[in-house]
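In our numbering, the protein residues as written are 27 to 1061. We put the CB at the ideal spot given by N, CA and C, even for glycine. All values derive from a computational prediction rather than experimental measurement. I have placed the structure first, in the form of structure tokens, so that the comments after it can refer back to it.
Dropping the structure here:
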């Protein structure tokens, strides 16, 4: 902490000095102006002066002026504006000062648009796009634009040509067709029109100036077309007002005394006027692209997804279409976006991947359909490789506080010849597939892709118990009021779908656990660990070995991967098993008619039944929840797919179209890669070892050496190899990394990846998964334990924590390491017994294999506990000193992004759910929590560690420390928000506003919030109510 304070004290003068030499002047906002335009200018001021995010609120409050600040202060009362984030302050002012638009009036104008005489296709296209900006069409925007583009055209050959097309054509395809049909018409009329509908601002070379002058002389009369129905931009920006100064264009002063009379124009380089009134400046259309070079053609750079209206991952049911590419030798997942003219990535991705590359300045402007413009912070030269093709291109970098996927725009799609393959009504996958017969084949078997729940026809599943066990019935768990309606709707939905049915005389009952999803929805989970899992007979069905899988698909050229939709739920159970799996709910008991997730032998059962159906299919293999299909050529591959689809239809299986992949060059299984050339070891097994960076201090070096020493017995002459590194740990020797250290470091990393230490996966040997987390990252290693008790690793994995995950409490970080490790090594662990090792003891009761899903844990921990219930594991506690491998990996995490990284947690589980139920806003709770000294201490201890001596006021929180979580700087216990002291009386008044009794008040409060003395405070409030006392019945 002392070092941090010293750093701050040193950096402050530098910051003040930098601000004193600021570029330009921050504008003052005057009520009546357009707030959107003002904030665009202010954002550019921030970029030009390197204003950090943490200082933006202070700068904004300083420059907006006294009048505007007074309005802001009144709008935020009782919260001070400086306690809000920059986005919240901007949104507050935007609501107040943004021009109010009548959306239906704007739509009426849009629907009445008609192409005017002499209006080119390009001009008409830009015109309707501009008119649609304020219509708020949302996801229907492209369809509305497409309809208006066609129906608004003048009657003639172009409209006739477009009417010949099918309605499934995209807007961009229709524009291109119209442009091609328009070209010969204009040529036949000997009329030319400029292609560049873009505002170009650049320093022209001499040759460019000569070409421009020749063009203007030739087309002087043709460029003056005007339209009475459309406001066309003017080529000359000088004002016709006689009182305007011809140096700067502003009125109310004499041009002789104008301070700009000696300024040099940035466009024509002549002295005497500013660029804003330069006669050489052209402004056509509504898109501005500024470049330092003369450009013959510029597209309108539109972006659809870099600034969405909703929060990221909110539409998780519509996953993005991703494409894996290699950019400057770094693996990167990009989202296909045909609506983006340029390919773009965020600054956070750029800094993470290429911290040493400097950005080149760029003056390009990116526009959105809602009228918002975004200026990139720079661009860089990139070499992009996809499959066997490599291209060079300039990628734009934009500033964004959120973690969006980079956009793979139309510029890259054109270079790689990638098009959207459309199946049925939905886009299934994005691949440059040569043979369109795949599309026809999927359409032919459309009924196995129709998103309904499959129903396996060949066999009903029967589960047997180990011995005579008396029926176990657990009373249903108490469900908060806020959850009841959603739980009942979900139960009705599942009953209608034939997954469950009401039972009146069932003796078995497993409690239902409603678990919050990150988006605020509920998932119904069942806690079979507490009831039948202990007594069900195991079904030992062998999973395919890598040699068996390779033998099944050996000789294949390309590979298709088919995913089962809701895999286990497609299997029906018999009447006896349905009673065994019954749910105990507050609405009664429901028998389960399908095999649910969380039943111990479910994985082996599903593997067995799938292999029965596809056993003799050529070039086909079953891999957990997936099917792998291939062929020696494309035709044979298609025929094998047809046979698989046919058998799926006959058996009643449904496939998940969104996750199916066709004609891939390779597949991975158990640390091996299978492609047309054969079987080879996957480099991902040791990727995190290869990417370990050089230790920067003694602490990091000790962590690295701890990992090496753990496997020291497998390495000969290890002490000699490590001698240069051990010397750095000696007292009195400065930490200076030299060439000898680098050689030793590289050699040791090679040894860690060699066969001296690594072993191949063997399903007959015990499996151990060791996990750990640090403040920087998470690490996991999967190992085998040999008969001599030695352990050798199969694969390593690590990654850095995201910005949200860094705010997790210690117990959540440690649990994240386990969940991520299981997700990473899913193929090794699913359906097999294994041991989880962790050095965080509080996780044992929360995630133990026989422990119930915790009632009062956060939604995140409940989801993770339910996820673990689908695995056959035993969790062990080990001391941190013996967990050296996972500990080292977490402290030296891999900086590479992981394509299998899933969002297993979210920052606002409970807040998303109870929003709207509380009489106080989350901003108020957040602001008052920041002022509450006790809650601030609790949050501090959750993020670090609790002291040995706990003060009395903190003991209630300490007793619940494993169930507390911080969400968006608000303290939460399970599904209850912990209320700061200053808001208690307000909530007590609201609770008793309808004069409920003590019992009902407590029941209501427990559904939404909590504080340490809530019970006694409720009793005091109810007993002190005068009206309640007067209406109380006589004793």
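- Residue 602 sits exposed, since fewer than 16 C-beta atoms from the chains shown fall within 10 Å of its C-beta.
- In this structure, DSSP gives residue 986 a state outside helix and strand, which the three-state scheme calls coil.
- For residue 54, the closest alpha carbon among the candidates 70, 843 and 94 is that of 94.
- Residues of the same chain with a CB within less than 6 Å of the CB of residue 732, apart from the 5 flanking positions on each side, are 910 and 914 in chain order.
- Nearest C-alpha to residue 640 among 133, 965 and 655: 655.
- Of the residues 605, 510 and 980, the one whose Cα lies closest to the Cα of residue 487 is 605.
- Cβ atoms of residue 489 and residue 562 come within 8 Å of each other, at about 6 Å.
- Inter-segment contact for the region 831-842 and the region 755-772 is absent: fewer than three beta-carbon pairs are separated by less than 8 Å.
- Nearest to residue 439 by alpha-carbon distance, out of 362, 352 and 847, is 362.
- The beta carbons of residue 582 and residue 658 sit about 7 Å from each other, so the pair counts as a contact at 8 Å.
- When the five nearest sequence neighbours on each side are left out, the beta carbons in the same chain lying within less than 7 Å of the beta carbon of residue 105 are those of 949, 950 and 953, in order along the chain.
- DSSP places residue 632 inside the alpha helix (DSSP H), whose first and last residues are 628-640.
- Residue 176 and residue 188 do touch by the CB rule: their CB atoms are close to 5 Å apart, below 8 Å.
- Across the structure, residue 68 and residue 402 are spaced so that their CA atoms are roughly 15 Å apart.
- By a beta-carbon distance limit of 8 Å, residue 433 does not contact residue 367. Their separation comes to about 10 Å.
- Contact between residue 982 and residue 1038 holds, with the beta-carbon distance rounding to 5 Å and staying under 8 Å.
- Per DSSP, residue 826 lies in no alpha helix (DSSP H) segment; the continuous beta strand (DSSP E) that holds it begins and ends at 817-826.
- Beta-bridge partners assigned by DSSP to residue 370: 422 and 433.
- By the criterion of a C-beta distance shorter than 8 Å, residue 279 is surrounded in its chain by 271, once the five residues flanking it on both sides are discounted.
- If you draw a 10 Å sphere on the C-beta of residue 798, you find 16 or more other C-beta atoms in it, and that means buried.
- Counting only residues of its own chain and dropping the five nearest sequence neighbours on each side, residue 651 has a CB closer than 7 Å to the CB of 589, 590 and 593.
- Residue 526 sits close to residue 619, with the two beta carbons spaced by under 8 Å.
- Assigned with DSSP and collapsed to three states, residue 692 falls in strand.
- Pairing residue 613 with residue 1029, the inter-Cα distance amounts to about 19 Å.
- Here DSSP, grouped into helix, strand and coil, assigns residue 408 to strand.
- For the pair of segments examined, the region 145-152 was found to touch the region 199-210: the number of CB pairs separated by less than 8 Å reaches three.
- In this structure, the straight-line span from the alpha carbon of residue 509 to that of residue 540 is close to 8 Å.
- Between residue 567 and residue 630, the C-beta gap is smaller than 8 Å, which places the two residues in contact.
- One thing to note: residue 827 has its Cβ no nearer than 8 Å to the Cβ of residue 807.
- With a cutoff of 8 Å on beta-carbon distance, residue 71 and residue 52 are scored as near each other.
- Per DSSP, residue 551 is one residue of the beta strand (DSSP E) stretching across 548-552.
- Restricting attention to alpha helix (DSSP H) runs no shorter than 4 residues, the region 160-187 encloses them at 167-177, ordered along the chain.
- Counted as a single uninterrupted DSSP element, the stretch harbouring residue 588 is not any alpha helix (DSSP H) but the beta strand (DSSP E) occupying residues 584-589.
- According to DSSP, residue pairing for residue 991 in a beta bridge involves 998.
- Close CB contacts of residue 858 within its chain, under the 8 Å cut and outside five residues either way in sequence, are with 569, 789, 793 and 898 (chain order).
- According to the DSSP assignment, residue 701 belongs to the beta strand (DSSP E) that extends over 698-701.
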